[in-house]
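Working notes for the structure below.
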Amino acid sequence: MTKILLRDKLDDCLTRWHAAGFDVVGPVRKNNISQYATVKKAGELDLGIILPDRTLKDLFFPQTEPMFSYRISKQKIDTEEYLPPGRQRIIFGARACDASAMAIDDPLFGWDYQDTYWFKRRNETVIVTIACTAADEFCMCTSLKLAPDSTQGSDILLRPLGDNRGWQVEELTDRGREAFSRIEALLEESPAQTAALADVPIKFDLDLCREWLQNPENFESHFWKEISMRCIGCGTCTFLCPTCHCFDFQDEGDTYTGIRRKNWDSCSFALFTMHTSGRNPRSTQSARWRQRIMHKFNYFPGKFNLNSCSGCGRCTRECPVDMGIIETLQEITKLSQ
Amino acid sequence: MSIQEQYRKKAAELLSSGEVKLVIGYGSGSTPDRRRALFARTADDAALFHVDAACDANLSGYLVNEGLLSDKKKIGIFLKPEGIRSVNILAAESQLDPDQIVILGFTEENGTVSGLQGTQASDFTSLMTALKENRTTSEKEQALVDKIEAMTPQERFAFWQAEFEKCIKCYACRQVCPMCYCKRCIVDNNQPQWVHTSSHTLGNFEWNLVRAFHLSGRCVECGGCDRACPVNIPLRLINRRMANEVLDAFDHFSGMNQNQEPVLASFKKDDPETFIL
Amino acid sequence: MTDNTQNGRQNIYKPAIMKIVAKRDEAPGVKTLRLEFQNPADHEQFKQRYRTGMFGLYGIYGEGESTFCVASPETRNEYIECTFRQSGRVTAALASAEIGDLVTYRGPYGNRFPIEDFYGKNLLFIAGGIALPPTRSVIWSCLDQRDKFGKITIVYGARTVADLVYKHELEEWQNRSDIELVLTVDPGGESPDWQHRIGFVPSILEQAAPSAENCIAVLCGPPIMIKFTLISLGKLGFNEENVYTTLENRMKCGVGKCGRCNVGSVYICKEGPVFTAAEVSRMPAGDL
Amino acid sequence: MSKPFEPKIVAFVCTYCTYAGADLAGTSRLKYPPNIRMVRLPCTGRISPMFILKALQKGADGVLVSGCHPGDCHFTHGNYHARRRWTVFRALLNFTGIPLERIRFSWISAAEGVKFAELISSLTEDIRKLGPFEQYKAMIHETEAPVSL
Chain E
181 MTKILLRDKL DDCLTRWHAA GFDVVGPVRK NNISQYATVK KAGELDLGII LPDRTLKDLF
241 FPQTEPMFSY RISKQKIDTE EYLPPGRQRI IFGARACDAS AMAIDDPLFG WDYQDTYWFK
301 RRNETVIVTI ACTAADEFCM CTSLKLAPDS TQGSDILLRP LGDNRGWQVE ELTDRGREAF
361 SRIEALLEES PAQTAALADV PIKFDLDLCR EWLQNPENFE SHFWKEISMR CIGCGTCTFL
421 CPTCHCFDFQ DEGDTYTGIR RKNWDSCSFA LFTMHTSGRN PRSTQSARWR QRIMHKFNYF
481 PGKFNLNSCS GCGRCTRECP VDMGIIETLQ EITKLSQ
Chain U
5 MSIQEQYRKK AAELLSSGEV KLVIGYGSGS TPDRRRALFA RTADDAALFH VDAACDANLS
65 GYLVNEGLLS DKKKIGIFLK PEGIRSVNIL AAESQLDPDQ IVILGFTEEN GTVSGLQGTQ
125 ASDFTSLMTA LKENRTTSEK EQALVDKIEA MTPQERFAFW QAEFEKCIKC YACRQVCPMC
185 YCKRCIVDNN QPQWVHTSSH TLGNFEWNLV RAFHLSGRCV ECGGCDRACP VNIPLRLINR
245 RMANEVLDAF DHFSGMNQNQ EPVLASFKKD DPETFIL
Chain C
778 MTDNTQNGRQ NIYKPAIMKI VAKRDEAPGV KTLRLEFQNP ADHEQFKQRY RTGMFGLYGI
838 YGEGESTFCV ASPETRNEYI ECTFRQSGRV TAALASAEIG DLVTYRGPYG NRFPIEDFYG
898 KNLLFIAGGI ALPPTRSVIW SCLDQRDKFG KITIVYGART VADLVYKHEL EEWQNRSDIE
958 LVLTVDPGGE SPDWQHRIGF VPSILEQAAP SAENCIAVLC GPPIMIKFTL ISLGKLGFNE
1018 ENVYTTLENR MKCGVGKCGR CNVGSVYICK EGPVFTAAEV SRMPAGDL
Chain F
890 MSKPFEPKIV AFVCTYCTYA GADLAGTSRL KYPPNIRMVR LPCTGRISPM FILKALQKGA
950 DGVLVSGCHP GDCHFTHGNY HARRRWTVFR ALLNFTGIPL ERIRFSWISA AEGVKFAELI
1010 SSLTEDIRKL GPFEQYKAMI HETEAPVSL
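Residue numbers (my numbering), protein chains in the order written: chain E, 181 to 517; chain U, 5 to 281; chain C, 778 to 1065; chain F, 890 to 1038.
Put into structure tokens, the structure is as follows:
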């Protein structure tokens, strides 16, 4: 016997969660794009989307956010902090790759210094993941040793039932249990047959790739130039990556009043590392692509014991010139065989 | 022999004879319906080229990659008419020497591709004239432009606000555009910071206006920005509207030939000025 | 709240406010500001945490933040001195700020020179141009406890005589009998009354030929100077483990999050900016 | 009671003509509304569309760009270039929904003090009628607001 959440009870769940003070966020298709957005009714959710165009990162680390405002007078500077509003949120219908990505970035944002903006939102959010029963040709979670039903980063995992009536509930964390206790009465206890998970073939050999990347000889390999010739240096892959976390600070305003903002930035941009003197440590696009791959699959795992990639495949899916992690790691796998 | 085979052979000849050092064309992509840029350096590589309806990218932007043409050697490139127009503009703006470019031209209509006669940008003058005369790139697109123009200013503003709100400032539109070759884009200049770099709606609005303005009279409507946009902003509509404007006001059709004066760097004494008080 | 890992701040991106109490022109386009904390708690945190070698992010609201070293030594932590060349938006704003104006400061961040490990050893300081400030912080830290070290040699070079920074301190060091100061300017950069050496730092260093025996070298300068000076130090018999240098990259956060100072597996802002030459040689040269 | 709406209008003007025209209006004791903030530039050819965007970004309700009549440019043809630029930029603003009543262009010579005063009066009146540029101001306001996410 397992706990079951029926699809037709979803509206009631939302009502109870709203009543308990939770905002409910889920995959929504609107204005020609799909993303995780706040919903009032279950009908607004589009749970059939294989993977939203935009990532879960948006909800914890938005593309631009004001950090604080300043007001300068002759003798003092007044500042006001803009911390995220203290609202409890339930993300209903996250994908396992997106949820994993949040857990991947936790150590980075908490490495000695805690990023207030990230952790405040992390601590106020319950992630309810729905295991995938469908995947497209760019999905690659299995290649990253994750799966359509990975639990990393999730508070609740829902497994779709074979008859599509609802989901089998797996409570993973106390935060998840607490949120689901609010809808306890709406859950059923019954035997259930879960639907088959999406079949995501393994696309490259991660261990071989890591080994190849760790070999200092390969750092200057001609491979990097060849593989990145097409790269146009836009930020699509980084901005649509759930784990890419690089950012920039920008002051907006005038001499006396204004706001300091935290904005996404991308290692693909030439200006990212450019010194004021004009010197640029990563002056070519191939060096920048190498950095992206090295950082994700060599440096980051070396530091935090996690790959900075959860296999969502958006980098390849959305790349304007059809590049991406899949192709690069496939080529590296070939090189190291 | 199909166009694809003819062109593979042609590219292989160019490479094996040493006439060009490189041919930029289309290879197979990560899915059957995708084509991606392929850089062929040997005759063998040329066998991997595709020429079909899925070849949608305007590859001319790669020509201005730093140092690619600095050795004065020639480069072959697969281009559709829009791409040839881009090469003309790049030549007119002194970004490249058109004599270094060997064009493998082709055109696509209703899913079938056909070859274009000529190898130099200057060989396509009559094609350009014909394009200007029958400017009917897409009636569907013009219909959308007309629909927006029929709105009230408030509705138009709201329409674009909703679109630009989605922008994430990844600059894919800029990076993919052959006309956006500036080493440092205006939005990357911070002394002064003319437009916001943050991607809030205002910053996005400003960025998209600046981009569209800088492409006015230069855009060849290849649609690259529109296809590149990961958040599906209909950028082609703005570009289309601006192309209409320069055509109507100044009889300017961008990329006609390599000596064409940039529309905003030239003038006529009798240019229209009905709006000036 | 005084959580040490957070630098005493709940929001790690929020800077402290400091007042400019002195301003000095060092060389064309190069200025030194002396700053004092406005909030005693911020000052207390700084005193507890600051060790020579660490850096900070100095800024002006409305313009942004810019990273430079703390040029004053840990033995003089009542204030912060920073020396910078005016080159971008933030440094332009800092350069035009007047005494009494308020600026922002975040830090101190990064690692430190292990000065206790230098006790009892001879010290060789080598700096080029605007890279004297980070070296100067170590120099004063050592001079303020002079008896703990052996012979101290300073080799300092700049493009021209005008480009030498801290001219008043150079004079002071020149007159001290417990320091050997070797000054040089690049050929063509000398003035008619220039009494010191002419030549590039690496070759002048080889001429001065300080002994590598029981000696620690601290080397700061532009990348090209570092590259050739390391070769010269090798010729003089210095072991890479005994050569310290500082790396600089563009930084925004200073705390290992924003990603831009990452070289190889190292975040310069957290694991640097102080490295031994041995550590630097293990980094991917192509990204330095 | 709230104060009646007073539009903020930024004028980018050429120093050789419109600015002198404004001077003439002043010395002739012609009256015109104080809603205008003038920015003097060496030529209309120097007036970048960026200026217009910046004015809007800083909360202007209207923008005026004004320079020498065609043929009168101090630099021989700066205003011809400007004219093309505005034609194009105006079309872009129109297409993106920025009401053209708010963005005006004029030729005013050093001798046309009266024209200057009249134009400023009618422009101010027009924009007063239109009211504040709420749609743009809402976007500006959003950038100044605390996070909602």
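Where a beta carbon is used, it is the ideal one built from N, C-alpha and C, also for glycine. The structure presented is a predicted model; accordingly, all values stated were derived computationally and were not measured.
- In chain order, Ala57, Lys84 place their CB closer than 7 angstroms to the CB of Glu112(U), counting only its own chain and leaving out the 5 sequence neighbours on each side.
- Here Lys476(E) is buried, its C-beta having at least 16 other C-beta atoms within 10 Å.
- Around Val932(C), no beta-carbon contact reaches into chain E at under 8 angstroms, the shortest distance being about 23 angstroms.
- Distances from the CA of Pro1061(C) to each of Cys414(E), Asn395(E), Leu451(E), Ser457(E) were compared; the closest alpha carbon is that of Asn395(E).
- Against chain U, the CB of Ile936(F) has no partner CB under 8 angstroms away; the residue lies outside that interface.
- Between the stretch 352–371 of chain E and the stretch 183–194 of chain E there are three or more C-beta pairs closer than 8 angstroms, enough to call the two in contact.
- Shown here for Gln104(U): same chain residues with a beta carbon closer than 8 angstroms to its own, the five before and five after excluded, namely Leu73, Lys76, Lys77, Lys78, Ile79 in chain order.
- Of all residues in the stretch 991–1011 of chain F, the ones placed with a Cβ closer than 7 angstroms to any Cβ belonging to chain U are Arg993, Phe994, Ser995, Trp996, Leu1008, in chain order.
- Short of 7 angstroms from the beta carbon of Arg209(E), and not among the five residues preceding or following it, lie these beta carbons of its own chain, in chain order: Asp226, Ile229.
- Going by beta carbons, Gly948(F) and Ile1016(F) fall outside the 8 angstroms limit.
- The closest CA to that of Gln984(C), considering only Thr1006(C), Ala848(C), Val1032(C), Val942(C), is found on Thr1006(C).
- Apart from sequence neighbours up to five positions away, the residues of its chain that approach Asn344(E) with a beta-carbon distance below 8 angstroms are Arg187, Ala375, ordered along the chain.
- For chain F, the residues of the stretch 211–239 of chain E that bring a beta carbon within less than 7 angstroms of one of its beta carbons are Leu239, in chain order.
- In the three-state scheme derived from DSSP, where H, G and I count as helix and E and B as strand, Ala314(E) is classed as coil.
- In this structure, Gly833(C) sits near Gly884(C), with a CB-CB distance shorter than 8 angstroms.
- Cβ-Cβ separation between Phe279(U) and Tyr969(F): approximately 15 angstroms, too far for a contact (criterion under 8 angstroms).
- At least 8 angstroms separates the CB of Gln471(E) from every CB of chain U.
- Against Arg462(E), the close residues of chain C are Gly1063, Asp1064, in the order they occur along the chain (beta-carbon pairs closer than 9 angstroms).
- Val798(C) sits exposed, since fewer than 16 C-beta atoms from the chains shown fall within 10 Å of its C-beta.
- Here Asn1039(C) is bridged, per DSSP, to Tyr1044(C).
- For the stretch 191–221 of chain U, the set of residues with a beta-carbon nearer than 7 angstroms to any beta-carbon of chain C comprises Asn194, Gln195, in chain order.
- Within the same chain, and ignoring the five residues on either side of Ala1006(F) in sequence, the residues whose Cβ sits closer than 6 angstroms to its Cβ are Ala914, Leu919, Tyr921.
- Look at the stretch 963–994 of chain F: the residues with a C-beta under 8 angstroms from a C-beta of chain U are His966, Tyr969, His970, Arg972, Arg973, Arg974, Trp975, Thr976, Val977, Phe978, Arg979, Ala980, Leu981, Leu982, Asn983, Phe984, Thr985, Gly986, Ile987, Pro988, Leu989, Arg993, Phe994.
- The continuous beta strand (DSSP E) containing Ala804(C) extends over residues 793–804.
- Counting only unbroken stretches of 3 or more residues, the beta strand (DSSP E) elements lying wholly within the stretch 30–65 of chain U are 39–44, in sequence order.
- Judged by DSSP in its simplified three-state form, Gly833(C) adopts strand.
- The straight-line gap separating the alpha-carbon atoms of Arg12(U) and Pro911(C) is approximately 60 angstroms.
- Against chain C, the CB of Leu288(E) has a partner CB under 8 angstroms away; the residue lies at that interface.
- A distance below 6 angstroms between beta-carbons, with the five flanking residues on each side excluded, links Arg826(C) to the following residues of its chain, in chain order: Pro885.
- For Ser864(C), a Cβ of chain E is located within less than 8 angstroms of the residue's own Cβ.
- Here the C-alpha atom of Pro328(E) lies approximately 13 angstroms from the C-alpha atom of Gly273(E).
- In the DSSP secondary-structure assignment, Tyr838(C) is not bridged to any residue.
- Distances from the alpha-carbon of Phe895(C) to those of Leu812(C), Asn952(C), Glu1018(C), Asp955(C) put Glu1018(C) closest.
- Rounded to whole angstroms, the gap between the alpha carbons of Leu942(F) and Asp819(C) is 40 angstroms.
- Judged by beta-carbon spacing, Gly22(U) lies beyond the 8 angstroms limit of Leu42(U), meaning their Cβ atoms are not closer than that value.
- Not one beta carbon of chain U lies nearer than 8 angstroms to the beta carbon of Thr313(E).
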